[in-house]
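Its first residue numbered -11, the sequence shown is counted upward by one per residue in my numbering.
Beta carbons: idealized from backbone N, C-alpha and C, even for Gly.
Below: one structure, written as structure tokens.
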Amino acid sequence: MKIIKNIFDSQRKHFDKRGKWEKFYPVFEATETFFFIPDHVTQKGPHVRDSLDVKRFMSFVILALMPPLFFGIYNTGYQSNLVSGLPLDFFTVFSKGLSIVLPLIIVSYAVGFFWEFLFAIIRKHPISEGLLVTGLLFPLTLPPTIPLWQAAAGISFGVVIGKEIFGGTGRNFLNPALTGRAFIFFAYPGKMSGDSVWTVMSSVKTSAVDTFSGATPLAIASITETYGNIEASLSKAGFTFSTLFWGNHTGSIGETSSFLCLIGAMILIVVGVASYKIIIGGVLGALITGGLLNLIATEASMPWLSLNPFYHLVMGGFAFGIAYMATDPVSAPGMETAKWVYGFAIGALTILIRVFNPAYPEGVMLSILFMNLFAPLLDHFEIKVRLRRRIANV
């Protein structure tokens, strides 16, 4: 490491002020801090109230994303080989999944860092480490069949419109990864929804195609027509509660395993990156809202109202969203009571969107983005309440 340190020290003069490569200092600084902890303190946002710098703070999130990432690679390959009639041994399945997921991750990081470098050079500020997380979160929210150019367009929108126009990491009020996914969803809905986008088919055998159904659990639930029969319809399609919890089924790359999202959430809570108040608040919001809908449901009601609330927690992207997206410390509230309200509202809105909007059965993405808009307001109200409780100066 001393050799690498000497290389940086010898080249620093070319990137400092009045050096011949001064405008590329952000690139030099970002590369150096990748290897070494910086010896200077933060002068401007984002501020991390800890001995860690932002890069290492983000590294904990990357660590927590490893369980759903590796399982997402495996599950993507498994679903593809299962449909295509190919071998299902671990090595073959994982290799197939890697060939599908890795290009999406490479495109996400390459295009995202291009925009980060460009804005850093133009604005003459250090390169933000926020993309280390955004660049991995974004592809995990996508179906495996998404074209690479659409993934590039999505991450571009998320980084530029969702973050950079507001000043970069620490100043954005929307989650950049979800902003990019929302852009693709509304710009290219045919590639983000339906039964054909969740599984990559190759070398297909006729027998495999004849028995293949690409419907997700949310899609099965949304087309069920008989009151009180959603759980039975899911089970008939192979989506038991256990299957939904462990995650070996179709869906976006990183969202299917609620168990591994739970593991990731625990890691984030233990290291102090995520707030347990937001996560528990989101779970309570979903369960209470789902339970209230059960109480008002009748045989004349839409079937969604009768779904067991616990199924909502393991279906779609709820677990992934509440663990990794809702807890984003930049776009979430900073006040403690506001975090409870924020999380509860995300959980409640997710259920309401799923139940009352059959055209869009997911809900968690829009719920988080919607509450991102209200996060500053929640902080504002809590601060006002606290100020009113203070003893007036005498």
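Measure the CB-CB distance between Leu365 and Gly242 and report whether it falls below 8 Å.
-> Not closer than 8 Å, so no.
What's the gap between the Cα of Thr286 and the Cα of Gln67?
-> When rounded, the distance between both Cα atoms is 37 Å.
Whole-angstrom distance between Gly335 and Gly304, CA atom to CA atom = Using only the alpha carbons, I get a separation of about 13 Å.
Okay, do the region 113 to 132 and the region 173 to 189 touch, 3+ Cβ pairs below 8 Å being the bar?
-> Touching, per the Cβ criterion.
Anyone know if the C-beta pair for Pro127 and Val81 falls short of 8 Å?
-> With respect to the 8 Å criterion, Pro127 and Val81 are not classified as neighbours on the basis of their beta carbons.
Using the rule of at least 16 other Cβ atoms within 10 Å of the residue's Cβ for burial, across every protein chain shown, is Leu301 buried or exposed?
-> Around the C-beta of Leu301, 16 or more other C-beta atoms lie within 10 Å, and the residue is accordingly described as buried.
Please confirm whether Ile269 and Phe332 have their CB atoms less than 8 Å apart.
-> Note on identity: in this sequence residue 269 is Gly, with Ile being the wrong assignment. A Cβ-Cβ contact shorter than 8 Å links Gly269 with Phe332.
Is the beta carbon of Asn63 less than 8 Å from the beta carbon of Gly235?
-> In terms of Cβ geometry, Asn63 and Gly235 form a close pair [threshold 8 Å].
Pro164 and Thr122 closer than 8 Å at C-beta = The answer is yes: Cβ separation under 8 Å.
If you draw a straight line from the C-alpha of Phe200 to the C-alpha of Val71, how long is it?
-> In this predicted model, Phe200 has a pLDDT of only 48, less than 50, meaning its place in the structure is not dependable enough to derive any value.
Where Ser195 falls, given that 16 or more other Cβ within 10 Å makes a residue buried = Because Ser195 carries a pLDDT of 44, less than 50, the predicted location of this residue cannot be relied on, and no value is offered for it.
Roughly how many angstroms lie between the CA atoms of Thr338 and Phe48, to the nearest whole one?
-> Distance between the alpha carbons of Thr338 and Phe48 is about 27 Å.
For the putative contact between Trp166 and Met323, defined by C-beta atoms under 8 Å, what is the C-beta separation to the nearest angstrom?
-> Reading off the sequence shown, one finds Leu at residue 166, where the question assumed Trp. Contact doesn't hold; Cβ gap of about 22 Å is too wide.
Could you tell me the boundaries of the alpha helix (DSSP H) in which Lys179 lies?
-> Here Lys179 belongs to no alpha helix (DSSP H), and DSSP marks it neither H nor E.
Classify Gly65 as helix, strand or coil using the three-state DSSP reduction.
-> Reduced to three states, the DSSP call for Gly65 is helix.
Among the residues of its own chain, which have a CB less than 6 Å from the CB of Phe171, if the five just before and after it don't count?
-> A distance below 6 Å between beta-carbons, with the five flanking residues on each side excluded, links Phe171 to the following residues of its chain, in chain order: Gly142, Phe145.
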